Amino acid sequence: MLIKTIFSGFGGQGVLSMGYIFAYAAMVDGKNTTYLPSYGAEVRGGTANCTVAISDEEIASPVASSPEFVVVMNNPSLFRFQNVVHSGGIMFLNSSMIEARPIRGDIELFEIPANDIAKGLGNEKVVNMVMLGFFIKKTGLVSRDGVEKALGDAFSLKGKAIVTLNKKAFMEGHTFD
Amino acid sequence: MRGNHIVAEAAIRAGCRFYFGYPITPQNEIPEYMAEALSKLKDGVFVQAESELAAINMVIGGSMAGARVMTSSSSPGISLKQEGISYLSALELPAVIVNMCRGGPGLGNIAPAQSDYFQATRGGGHGDYRTIVLAPSSCQELAKLTMEAFDLADIYRTPVIIFADGMLGQMMEPVEFPENTNPKSSPPKDWTLTGAKGRPGRAIRSLILDPVLEEEHNWKLMRKYERIQKKEVRYETFLLEDAKMVVVAFGTAARIARGAVKRVREQGLKVGLFRPVTLWPFPGTVLGELGKKVKLFFVFEMNMGQMVEDVRIALGGDGDIHFYGRPGGIVPTPLEVSRIISSQYLQKRL
């Protein structure tokens, strides 16, 4: 099994952290994983994306030709990646930010108003973890324990409150239906 | 861990305590990590130099004093360091130089490319010399080869270049650091400049005005390069046993090519992969042997065709060579490469 996912959105939406936490959780679960960020002159408000591959076997290429899943956090990401998803693949869409919908009929679509949920938690910054919770609930690619460990390790320097808030946001997304 | 951080950590584990550099994307995480990690070590020295030229000359100084030294940069910065690398070679000083290659020429961009192959494998600076060039293709290999680079540099008293690219520097994979290699394998440094108290003075210099002596120095270096060519060739093969077509690629391109080979294997095409790990010494002899059995070679690089020249020399006229390159920082997908591989394979009716 080899699954590739592209996470995409505005710089500042936490797209890279989303991919990083996911890849870290896969590592905790004992899977092979690669995390490939887009890097460059990215700034807050610019576009950012990353590709995460997870597999039970060795991963040949960290670059995705046609990812099974794509997570889009804003409009430009939808337009950029809707034609890249593998036929039969799934798009996860942040309906708080995106009015358009993909024009393809051969992919499945899951929507979540991630920004609205994050606002409800009192901090819109955790919109990425809301989306990640939703993504992992639907795909079951990594364990919840893996994500909890990843969140704890990744945000440990930022203090307990931040870790707790992110875990809470993750759970909000995880239980969304 | 991120590729750049792995290089830095591996260097420290290999006993590197001196880092001199100047910032440039996409390798800034190396000095970032080194600054923090070396400042915590009692004997660690980190200097952000005023320029690349200054940094490489600090490397020369550190190496003369017997330390394990490293610098890192990306393409334009490596060009600036070439003068110093030529001096390191002439002076027979060990050092590790990391090039996280980006699109060029000129300032180019900051995207991953392999356009510095010629520069890395042909010496790069002025004069008759070669440097050992290691080309990792995964985060795990970044760790392994960085640590080995310090040993090779010490054993042969020569600069070693880690030739990777922005993608390897930026991507993350789980990594296990190898046990620290045995420092005893390196010969004792009985040539260092550490103050002549209680012993006769020594000098290390590259100015040899007498052509007879300079020629002898050149032959001496050449004999060393021949030893390296005999002993240090490294490469990796993948699904070569029954292959009718062989893809040759290194570094990041080899990673993409491996994905492409897996794809065309699913279609039943007998294609294998040959990946040089040392770009210099190039595994030409092994490739030449392969050319006696396999008739079609496909060279894929993220440049306009540089290693393909070494492949051509190695094959010496045996087999057909098809080249596919994407320069400028474009990273093609495995699907794109697999389509070209399969169309070549089918056209030749293998």
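Listed in order, the protein sequences are those of chains A and B. Its first residue numbered 25, the first sequence is counted upward by one per residue in the working numbering. Its first residue numbered 681, the second sequence is counted upward by one per residue in the working numbering. Even glycine gets a Cβ: it sits at the ideal position worked out from N, Cα and C. In this text the structure is predicted, and so the values were computed from the model without any measurement.
Against residue i, what residues of chain A qualify as contacts under a CB-to-CB distance less than 8 Å, listed in chain order?
i	result
residue 917 of chain B	Per Cβ cutoff of 8 Å: no residues; residue 917 of chain B is ~14 Å from chain A at best.
residue 854 of chain B	51, 56 and 57
residue 850 of chain B	60, 61 and 63
residue 714 of chain B	Under the 8 Å cutoff, chain A gives no residues; its nearest Cβ is about 19 Å from residue 714 of chain B.
residue 738 of chain B	Neighbours of residue 738 of chain B on chain A: none; closest Cβ ~28 Å, over 8 Å.
Does DSSP classify residue i as helix, strand or coil?
i	result
residue 959 of chain B	strand
residue 73 of chain A	strand
residue 728 of chain B	strand
residue 841 of chain B	strand
residue 769 of chain B	helix
residue 782 of chain B	strand
residue 870 of chain B	coil
residue 882 of chain B	coil
residue 888 of chain B	coil
residue 798 of chain B	helix
residue 36 of chain A	coil
residue 952 of chain B	strand
residue 28 of chain A	strand
residue 897 of chain B	helix
residue 1010 of chain B	coil
residue 831 of chain B	helix
residue 974 of chain B	coil
residue 94 of chain A	strand
residue 131 of chain A	coil
residue 926 of chain B	strand
residue 685 of chain B	helix
residue 775 of chain B	strand
residue 751 of chain B	strand
residue 140 of chain A	helix
Using a threshold of 8 Å, state whether the C-beta atoms of residue i and residue j are closer than that.
i	j	result
residue 953 of chain B	residue 919 of chain B	yes
residue 925 of chain B	residue 976 of chain B	yes
residue 981 of chain B	residue 999 of chain B	no
residue 816 of chain B	residue 848 of chain B	yes
residue 166 of chain A	residue 80 of chain A	no
residue 839 of chain B	residue 768 of chain B	yes
residue 95 of chain A	residue 188 of chain A	no
residue 135 of chain A	residue 117 of chain A	yes
residue 119 of chain A	residue 32 of chain A	no
residue 1011 of chain B	residue 928 of chain B	no
residue 155 of chain A	residue 121 of chain A	no
residue 86 of chain A	residue 681 of chain B	no
residue 694 of chain B	residue 830 of chain B	yes
residue 724 of chain B	residue 762 of chain B	no
residue 177 of chain A	residue 48 of chain A	yes
residue 744 of chain B	residue 873 of chain B	yes
residue 908 of chain B	residue 812 of chain B	yes
residue 923 of chain B	residue 957 of chain B	no
Under 7 Å Cβ-Cβ, which residues of chain B neighbour residue i?
i	result
residue 87 of chain A	936, 1011, 1013 and 1014
residue 90 of chain A	1015
residue 47 of chain A	852
Evaluate residue i with the Cβ neighbour count: other Cβ atoms within 10 Å of its Cβ, from every protein chain shown; 16 or more gives buried, anything less gives exposed.
i	result
residue 882 of chain B	exposed
residue 845 of chain B	buried
residue 191 of chain A	buried
residue 787 of chain B	exposed
residue 799 of chain B	buried
residue 960 of chain B	buried
residue 1024 of chain B	buried
residue 876 of chain B	exposed
residue 201 of chain A	exposed
residue 37 of chain A	buried
residue 685 of chain B	buried
residue 107 of chain A	exposed
residue 794 of chain B	buried
residue 111 of chain A	exposed
Name, please, each residue of chain A whose Cβ falls closer than 7 Å to the Cβ of residue i.
i	result
residue 1031 of chain B	Only positions 681 to 1030 of chain B appear in the structure, and residue 1031 of chain B is not among them; the question remains open.
residue 780 of chain B	Those within 7 Å of residue 780 of chain B in chain A number zero; the least Cβ separation is about 11 Å.
residue 939 of chain B	84 and 85
Given that residue i touches chain B, what residues does it touch there, using C-beta distances under 9 Å?
i	result
residue 167 of chain A	Result: empty, since nearest Cβ-Cβ is about 16 Å, beyond 9 Å.
residue 185 of chain A	Near residue 185 of chain A there are no residues of chain B at all, since even the closest Cβ is about 25 Å away, more than 9 Å.
Please list, in chain order, the chain A residues whose beta carbon lies closer than 9 Å to that of residue i.
i	result
residue 982 of chain B	Chain A residues near residue 982 of chain B: none, gap ~11 Å exceeds 9 Å.
Hey, does residue i have any beta-carbon neighbour from chain E nearer than 8 Å?
i	result
residue 712 of chain B	Absence of chain E from the displayed structure is noted, the protein chains being A and B.
Taking contact to mean at least 3 C-beta pairs separated by less than 8 Å, is the stretch 817-835 of chain B in contact with the stretch 874-893 of chain B? no
With a cut-off of 8 Å, do at least 3 Cβ pairs link the stretch 753-770 of chain B to the stretch 701-721 of chain B? yes
Three or more C-beta pairs under 8 Å: does that hold for the stretch 141-151 of chain A against the stretch 184-201 of chain A? yes
Check whether the stretch 910-917 of chain B touches the stretch 963-978 of chain B, taking contact to mean three or more Cβ pairs, one atom from each stretch, closer than 8 Å. yes
Can we say the stretch 712-720 of chain B touches the stretch 735-742 of chain B, given the rule of at least three CB pairs closer than 8 Å? no
If contact is defined by three or more beta carbon pairs under 8 Å, each pair taking one atom from either stretch, is the stretch 779-794 of chain B in contact with the stretch 162-182 of chain A? no
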